[in-house]
Amino acid sequence: MPQRLMTIERHILEQQRAIPEATGVFTNLMYDLALAGKIIARQMARAGLNDILGRAGNTNVQGEDQQKLDVFADETLYDMVKDGGRVALVASEEHEHPMPLPNDKPCGKYVLLYDPLDGSSNIDSNASVGTIFSIYRKISDGPCGETKDLLQAGAEQVAAGYIIYGSSTMMVYGAGFGVHGFTLDPNIGEFLLSHPNMTFPKKPKYYSINQGNEIYWSEGVRRYVHWLQGKAADNPRKPLSQRYIGSMVADFHRTLLEGGIFMYPADSKDPSKPFGKLRLGYEAAPLAFLAEEAGGYASDGVGSILDIKPTSIHQRTPLFIGDRDLVQQAEAFIQLHDQEWVDTYQDEVSNELVPGK
Ligand code: AHG
Ligand code: MN
Ligand code: MN
Numbered sequence: 003m004p005q006r007l008m009t010i011e012r013h014i015l016e017q018q019r020a021i022p023e024a025t026g027v028f029t030n031l032m033y034d035l036a037l038a039g040k041i042i043a044r045q046m047a048r049a050g051l052n053d054i055l056g057r058a059g060n061t062n063v064q065g066e067d068q069q070k071l072d073v074f075a076d077e078t079l080y081d082m083v084k085d086g087g088r089v090a091l092v093a094s095e096e097h098e099h100p101m102p103l104p105n106d107k108p109c110g111k112y113v114l115l116y117d118p119l120d121g122s123s124n125i126d127s128n129a130s131v132g133t134i135f136s137i138y139r140k141i142s143d144g145p146c147g148e149t150k151d152l153l154q155a156g157a158e159q160v161a162a163g164y165i166i167y168g169s170s171t172m173m174v175y176g177a178g179f180g181v182h183g184f185t186l187d188p189n190i191g192e193f194l195l196s197h198p199n200m201t202f203p204k205k206p207k208y209y210s211i212n213q214g215n216e217i218y219w220s221e222g223v224r225r226y227v228h229w230l231q232g233k234a235a236d237n238p239r240k241p242l243s244q245r246y247i248g249s250m251v252a253d254f255h256r257t258l259l260e261g262g263i264f265m266y267p268a269d270s271k272d273p274s275k276p277f278g279k280l281r282l283g284y285e286a287a288p289l290a291f292l293a294e295e296a297g298g299y300a301s302d303g304v305g306s307i308l309d310i311k312p313t314s315i316h317q318r319t320p321l322f323i324g325d326r327d328l329v330q331q332a333e334a335f336i337q338l339h340d341q342e343w344v345d346t347y348q349d350e351v352s353n354e355l356v357p358g359k
């Protein structure tokens, strides 16, 4: 007898069976996302062949160069979810404003945020990139979603996940029943369960940060990273190895599999980005949701990422994510050495350190 293959669809359906009020809408939405992932993966695999590489010639709302695959991934995701009646409103890194559904399409009970292609500057180098998604319930009263639906604290997420386009394509998701990873079998075109119940290994292996930004870091971040490197004379530890791709999905995926911490702290490199580079709604919060489900923790350096109530869709946040103890150590260094920064930060972002959380 061949082994029963657990496709992502079967898996979600089986998880949903445990919830009596589940109607299948969520399962279908996850399937829409999986299908988008397969289409993006196919296009990605051909990227070197069909002249799709290169810049699209315009910049996104963050003022960053947009590449053609960013546009392709963005449009594919929207196309896959726009007419199924599962979502009411969509937000993407590539669009300044939330994207309503076409007028003639039914609105569903969820809202979706995504980074269609994360780490896209790595495409030309053939390194791993990914798609990140975050799903909330629509909380507004009208038939279709409003911006406030997209500005809920990360703790309210119904589900989150990513699709990583690497040496193989994987979809990793969490919806309150642990974090599960599926590898795309290109021969049958299905995501098959390959990594059930993913959790961070007990022993951290790597720290991950753009070390080239060290001169822009705060005292607390610098001292913390030196501590990770075993340089703190008063508090010595065995140095951790360092790995950094510059593609957060790939850096996070490795951190989840191998253990350790990924960071993109606030820095003084660009005064227009005082809170670092990463976006809360479709980069930090979904990965924070997964991290906590996998036994880890994610912080902005002050408190849990999942507690931050966003004020805008493209808001940026510092991020420390991975092994719970290591992330809490980062918070401790920042508390001790960066009090002035913490005060200014808390004037703008409502988050606070809850000891022992
Ligand atoms: P995106 O490609 O969606 O704009 O995101 C890139 C992000 C993230 O993936 C990565 O961790 C970070 O940029 C790398 O930034 P640096 O080059 O400044 O290290
Ligand atoms: Mn990104
Ligand atoms: Mn992106």
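Quick note on this note's numbering: the sequence shown kicks off at 3 and runs consecutively.
We put the CB at the ideal spot given by N, CA and C, even for glycine.
Quantities reported herein were computed from a predicted structural model and do not represent experimental measurements.
ask   = Beta carbon of Pro203, beta carbon of Leu242: below 9 Å?
value = To locate residue 203, count along the sequence shown from 1; it is residue 201. To locate residue 242, count along the sequence shown from 1; it is residue 240. In terms of Cβ geometry, Pro203 and Leu242 do not form a close pair [threshold 9 Å].
task = Have a look at Val27 and Gly298 and give me their C-alpha separation to the nearest angstrom.
result = Mapped onto the sequence shown, residue 27 falls at position 25. Mapped onto the sequence shown, residue 298 falls at position 296. If I take the Cα positions, the gap works out to 29 Å.
request  = Given a cut-off of 9 Å, decide if Ser210 and Tyr246 are closer than it, judged by their beta-carbon atoms.
outcome  = Taking the sequence shown and counting its residues from 1, the one referred to as residue 246 is at position 244. Taking the sequence shown and counting its residues from 1, the one referred to as residue 210 is at position 208. Yes, the pair counts as a contact, with Cβ atoms nearer than the cut-off.
ask   = Below 8 Å, can you find three or more Cβ-Cβ pairs linking the region 303-312 to the region 178-194?
value = Counting C-beta pairs closer than 8 Å gives fewer than three between the region 303-312 and the region 178-194, which falls short of the contact rule.
inquiry  = Please report the distance separating the alpha-carbon of Arg12 from that of Glu192.
reply    = The residue labelled residue 12 in the question sits at position 10 within the sequence shown. The residue labelled residue 192 in the question sits at position 190 within the sequence shown. If you take the alpha carbons of Arg12 and Glu192, they lie about 11 Å apart.
key: Local Cβ density within 10 Å of Asp236, reported as buried at 16 or more and exposed below that   = Your numbering for residue 236 matches position 234 in the sequence shown. Exposed: under 16 other Cβ atoms inside 10 Å.
request  = Mind listing, in chain order, the continuous alpha helix (DSSP H) runs of no fewer than 4 residues lying wholly within the region 265-321?
outcome  = As far as the region 265-321 is concerned, its whole alpha helix (DSSP H) runs of at least 4 residues are 287-295.
Rounded straight-line distance, which links the Cα of Leu258 to that of Ile323 = Here residue 323 refers to the residue found at position 321 of the sequence shown. Here residue 258 refers to the residue found at position 256 of the sequence shown. For the pair Ile323 and Leu258, the Cα-to-Cα distance works out to about 10 Å.
ask   = Thinking C-alpha only, which one of Gln330, Val304 and His228 is nearest Asp349?
value = As a position in the sequence shown, residue 349 is number 347, starting the count at 1. If we check each option's Cα against that of Asp349, Val304 comes out closest.
message = Please determine whether the Cβ atom of Gly121 lies at a distance below 8 Å from any heavy atom of ligand 2.
response = Along the sequence shown, read from residue 1 onward, the residue named residue 121 stands at position 119. At least one heavy atom of ligand 2 is nearer than 8 Å to the Cβ of Gly121, so yes.
query = Are the beta-carbon atoms of Phe264 and Gly176 separated by less than 9 Å?
reply = On the sequence shown, position 262 is the one that residue 264 refers to. On the sequence shown, position 174 is the one that residue 176 refers to. Taking 9 Å as the Cβ cut-off, Phe264 and Gly176 do not qualify as a contacting pair.
message = If we require 3 or more residues per run, which beta strand (DSSP E) segments fall completely within the region 130-195?
response = Counting only runs of 3+ residues, the beta strand (DSSP E) found wholly inside the region 130-195 occupies 131-139, 161-167, 171-176 and 181-187, in chain order.
ask   = Expressed to the nearest angstrom, what Euclidean distance is found between the alpha-carbon atoms of His97 and Arg239?
value = Position 95 of the sequence shown, counting from 1, holds the residue named residue 97. Position 237 of the sequence shown, counting from 1, holds the residue named residue 239. In this structure, the CA atom of His97 is about 44 Å from the CA atom of Arg239.
request  = Grab me the residues of Pro357's own chain with a C-beta within less than 7 Å of its C-beta, minus the 5 sequence neighbours each way, in chain order.
outcome  = As a first step, residue 357 must be located in the sequence shown, where it is residue number 355. Bear in mind that the predicted position of Pro357 carries a pLDDT of just 47, short of 50, making it too unreliable to give a figure here.
message = With distance defined between alpha-carbon atoms, name the residue in Ser130, Thr25 and Lys140 nearest to Tyr164.
response = To locate residue 164, count along the sequence shown from 1; it is residue 162. Answer by Cα proximity: Ser130.
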